[in-house]
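Heads up: the protein sequence lines correspond to chains A and B, in order. According to this note's numbering, the first sequence is numbered sequentially starting from 1. According to this note's numbering, the second sequence is numbered sequentially starting from 1001.
Number of protein chains: 2
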Amino acid sequence: MPVSEDLDTPFLAVDPTALERNLAAGAARAASRGLAWRPHAKTHKCVEIARRQLAHGAVGLTLATVAEAEVFADAGFDDLFLAYPVWAGGPRADRLRALASRVRLRIGVDSVEGATALAAALRGAPAEVLVEVDSGHHRTGVAPPEAGAVAAACTGLDVVGVFTFPGHSYSPSPGGRGAAADDEAEALSDAAASLAAIGIEPRVRSGGSSPTEPLPPGPATYPATETRPGVSVFGDAQQVELGAAGFDDVALVAVATVVSVRDGHAVLDAGSKTLGADRPPWTSGFGRLLDHPHATIVALSEHHATVAFGSAHVPPVGSRVRVVPNHVCAAANLASSLVVLDGDRVVDRWAVAARGANT
Amino acid sequence: MPVSEDLDTPFLAVDPTALERNLAAGAARAASRGLAWRPHAKTHKCVEIARRQLAHGAVGLTLATVAEAEVFADAGFDDLFLAYPVWAGGPRADRLRALASRVRLRIGVDSVEGATALAAALRGAPAEVLVEVDSGHHRTGVAPPEAGAVAAACTGLDVVGVFTFPGHSYSPSPGGRGAAADDEAEALSDAAASLAAIGIEPRVRSGGSSPTEPLPPGPATYPATETRPGVSVFGDAQQVELGAAGFDDVALVAVATVVSVRDGHAVLDAGSKTLGADRPPWTSGFGRLLDHPHATIVALSEHHATVAFGSAHVPPVGSRVRVVPNHVCAAANLASSLVVLDGDRVVDRWAVAARGANT
């Protein structure tokens, strides 16, 4: 159990061997489906990991916010997609225009108001626009047949295609991931047809999520051209419990110390301020223990996780364990850096450069 | 609706008038019960707010980690209580000794192993030790009658009392908060008696939580001497829904922009990376909207909150709203600074100095 006793807990540790394997597998999956691979950098927020993604063949990065895109643009990344409807008002208007002037920038829209504000902000700066459609997640995005109407309202903008996020793939029901993948294919196809019907060529059709990414693509008149997985670079407890990854795929853990023990339970010094508090009803608990796969994290407070070991041996006070966060994107965003551990040896430390870059 | 259009969303805004009112009320409640007031700085992690707490009569600060205590010690605070069982192994051993040498430091223990490691780490440095007991929250702490046994194992340490955290006060059931307050009083009393029985004077008896703090103290042979509320400096949606605070008491909000609208719903640009993902089953959703008290945050992803407005008017794309996080400690830890807004005017910006100080 490599846990680097030279560092105080809690800390986040990256396994570079598992990371490299995940990068190669992600690139190979995209290539085998003929998709451009544009991984979501919100998961890791690390320049060093994004560089490895490009070295493995990523065409560019997906980002969540203008602030994230600014961090990666500063680090030399020049092909960035803000895959959400971005509100281009306030100071962000000038920031978007400046960003569009120095990188190849793609931006999502899903409303006439949003498109109008974006056109006013860009003032002709050369960004490309994709219309977001809802494939069943019911967050942002219009119904696929309405994509053309939004595109038609994009006066002064260069609409190049459509995108969706099939977030309902985070479903524990048997077949749930497959159904979401089918929904995604259908939504992209319908949305693309809606653009084509008004004379806009839907040359970019972007989809993907970590739970659907390993699945074969569904049938579609206009198949996807691009995939944007995030979590699969690291894996996490949600992906393991969804069946989309195995414990062997987990490339990031929180190393924690047992600080208290009683009656089949241990309390660790890693809580929601280290792991994140994500806990969908279908998960077994607030994360998993890599070396104790049958243990359950039954409670989580800011600085502590309470682990039930059932009838198994409870690790004693002072021992270290490796925790797999439920949602690794949340965990990485809570750390200032990730410790790269080769076995038990610290070989590097990567800054979470875009940590907290929410605007 | 003061939302400072000069700043890009999302950001955390502090209302200095409400903050000042909460500080005065917290100090007055402690004084009226004859309790030393030692607020928990993990909630705000801000030197500026801790200074105001001391100005209002706080005897010192409660901290969650050695790293937090180091930040506040560096800022000149000299009376600090680490109110958890601290594992004093690894590099932390020397950090604890250094800290104990420059401030008045109190440290929690709840096991023989923990006490032994702490004594080895301190090597005679003048820290005070409090035994943690479990009053019903079932996280850390021994059963109150066992406090004496732990204290007896604290060879070479200066045991000055007992403490508990009645975290089961986060209960939506009628009378739940009151029952937790009674449990706390009983646990402190029993634990103090257990120390006294082996000849250790339990002169410090520390308790308190934001939900129980406003309640009258229960009967006890050894009443509490100190209270350690955290959240009540700001208030949050959990406290409002528990009935421990009102919306008028809320002193910190996340300002967010509506980025997408459909069918009675708005999607905001503030998600779990701004608000935190805390969502106990008894809460109405993932937070509340200060200006739309009947709206429900039905879904939360990393960068978005989905708000259901029912039959009420949905604010349009581009408008701003104020979100009350479910758990304000989680939200503050996600920001690098808090914007102090007097009405709509930015009057200050306070660094979240101990952000991410988890070790």
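Cβ coordinates follow ideal geometry from the N, Cα and C atoms, glycine included. No experiment lies behind these values; they were computed from the predicted model shown.
Task: Neighbour list for alanine 277 of chain A in chain B, Cβ cutoff strictly below 7 angstroms - done: Gly1276, Ala1277, Asp1278 and Ala1330
Open item on the list: Taking 8 angstroms as the threshold (beta carbon to beta carbon), is threonine 1164 of chain B in contact with chain A?
Closed with: Not closer than 8 angstroms to any Cβ of chain A, the Cβ of threonine 1164 of chain B fails to qualify, so no.
Open item on the list: For a cutoff of 8 angstroms on Cβ pairs, would you count leucine 195 of chain A as touching chain B?
Closed with: No, leucine 195 of chain A does not count as interfacial toward chain B.
TODO: Answer yes or no: does any C-beta atom of chain B fall closer than 8 angstroms to that of histidine 304 of chain A?
DONE: It does; some Cβ of chain B falls within 8 angstroms.
Open item on the list: With H, G and I counted as helix, E and B as strand and the rest as coil, what does DSSP make of arginine 1092 of chain B?
Closed with: helix
TODO: Kindly indicate the opening and closing residues of the alpha helix (DSSP H) around isoleucine 1049 of chain B.
DONE: 1047-1055
Open item on the list: Between the alpha carbons of valine 129 of chain A and leucine 1023 of chain B, how many angstroms are there, rounded?
Closed with: 49 angstroms
Open item on the list: In whole angstroms, give me the CA-to-CA distance for serine 189 of chain A and serine 1336 of chain B.
Closed with: 42 angstroms
- [ ] Work out the CA separation of serine 1173 of chain B and alanine 1192 of chain B for me, nearest whole Å.
- [x] 29 angstroms
TODO: Just confirm the distance between the C-beta atoms of alanine 1224 of chain B and glycine 1235 of chain B, as a whole number of angstroms; I'd bet it's less than 8 angstroms.
DONE: Incorrect: roughly 23 angstroms between the Cβ atoms, too far for contact.
Task: For phenylalanine 72 of chain A, three-class secondary structure by DSSP - done: helix
Task: Contact list for lysine 1045 of chain B against chain A, beta-carbon separation under 8 angstroms - done: What lysine 1045 of chain B touches in chain A: nothing, since even the nearest Cβ is about 10 angstroms away.
TODO: Please list the partners that aspartate 1110 of chain B has in chain C, where partner means a Cβ-to-Cβ separation under 7 angstroms.
DONE: Absent here is chain C; the protein component of the structure consists of chains A and B.
Open item on the list: Considering Cα atoms alone, identify which of B/Arg1123, B/Ala1119, B/Tyr1084 and B/Val1066 is closest to leucine 1099 of chain B.
Closed with: B/Val1066
Open item on the list: Which same chain residues end up closer than 6 angstroms to serine 1260 of chain B when comparing Cβ atoms and leaving out the 5 residues on each side of it in sequence?
Closed with: The beta carbon of serine 1260 of chain B is closer than 6 angstroms to those of Val1267 in its chain, skipping five residues each way along the sequence.
Open item on the list: Output needed for serine 209 of chain A: all residues of its chain with C-beta closer than 7 angstroms, excluding positions within five of it in sequence on either side, in chain order.
Closed with: Phe165, Pro166, Gly167, Ser169 and Pro229
Task: At least 3 beta-carbon pairs within less than 8 angstroms: the region 305-314 of chain A vs the region 234-248 of chain A - done: no
- [ ] Name, please, each residue of chain B whose Cβ falls closer than 7 angstroms to the Cβ of valine 267 of chain A.
- [x] Arg1139 and Thr1140
Task: Span of the alpha helix (DSSP H) around valine 1150 of chain B - done: Note, valine 1150 of chain B: alpha helix (DSSP H), 1147-1152.
TODO: For aspartate 1006 of chain B, go through chain A and note every residue whose CB falls closer than 8 angstroms to its CB, in chain order.
DONE: Gly90 and Pro91
Task: At least three beta-carbon pairs within less than 8 angstroms, the region 1075-1090 of chain B to the region 288-297 of chain A - done: no
Task: alanine 1187 of chain B beta carbon less than 8 angstroms from that of serine 1232 of chain B - done: no
- [ ] Taking only beta-carbon positions, decide if serine 1363 of chain B is within less than 8 angstroms of chain A.
- [x] As displayed, chain B neither begins before 1001 nor continues past 1359, which places residue 1363 of chain B out of reach and without an answer.
TODO: Tell me, please, whether the CB atom of tryptophan 87 of chain A is closer than 8 angstroms to any CB atom in chain B?
DONE: Under the Cβ criterion of 8 angstroms, tryptophan 87 of chain A is counted among the residues facing chain B.
TODO: Specify whether the region 1056-1073 of chain B and the region 1102-1116 of chain B touch according to this definition: at least 3 beta carbon pairs, one from each stretch, less than 8 angstroms apart.
DONE: yes
Open item on the list: For a contact defined as C-beta to C-beta under 8 angstroms, what are the partners of serine 1301 of chain B on chain A?
Closed with: Arg139 and Gly167
Open item on the list: I want to see whether chain B comes within less than 8 angstroms of alanine 312 of chain A, judged by CB atoms only; does it?
Closed with: no
Open item on the list: Suppose you measure from the CA of arginine 1203 of chain B to the CA of aspartate 1078 of chain B; what does that come to, to the nearest Å?
Closed with: 20 angstroms
- [ ] Output, in chain order, the set of chain A residues within a Cβ distance shorter than 7 angstroms of threonine 1257 of chain B.
- [x] Trp87
Open item on the list: Between the region 1323-1342 of chain B and the region 1277-1288 of chain B, can you find at least three pairs of beta-carbon atoms closer than 8 angstroms?
Closed with: yes
- [ ] Just the C-alpha distance for leucine 1012 of chain B and alanine 1353 of chain B, rounded to the nearest angstrom, thanks.
- [x] In a straight line, the C-alpha of leucine 1012 of chain B is about 15 angstroms away from that of alanine 1353 of chain B.
Task: Neighbour list for serine 1171 of chain B in chain A, Cβ cutoff strictly below 8 angstroms - done: Simply none; closest approach about 14 angstroms.
Open item on the list: Taking 7 angstroms as the cut-off, is the C-beta of glycine 1057 of chain B nearer than that to any heavy atom in the ligand COA?
Closed with: For the ligand COA, the structure offers nothing, since it holds no ligand at all.
Task: Cβ pair threonine 1274 of chain B, asparagine 358 of chain A closer than 8 angstroms - done: yes
TODO: Throw me the rounded Cβ distance for the alanine 1027 of chain B and valine 1059 of chain B pair, which I believe falls under 8 angstroms.
DONE: Contact doesn't hold; Cβ gap of about 11 angstroms is too wide.
TODO: Measuring only between beta-carbons, confirm whether tyrosine 222 of chain A sits less than 8 angstroms from chain B.
DONE: no
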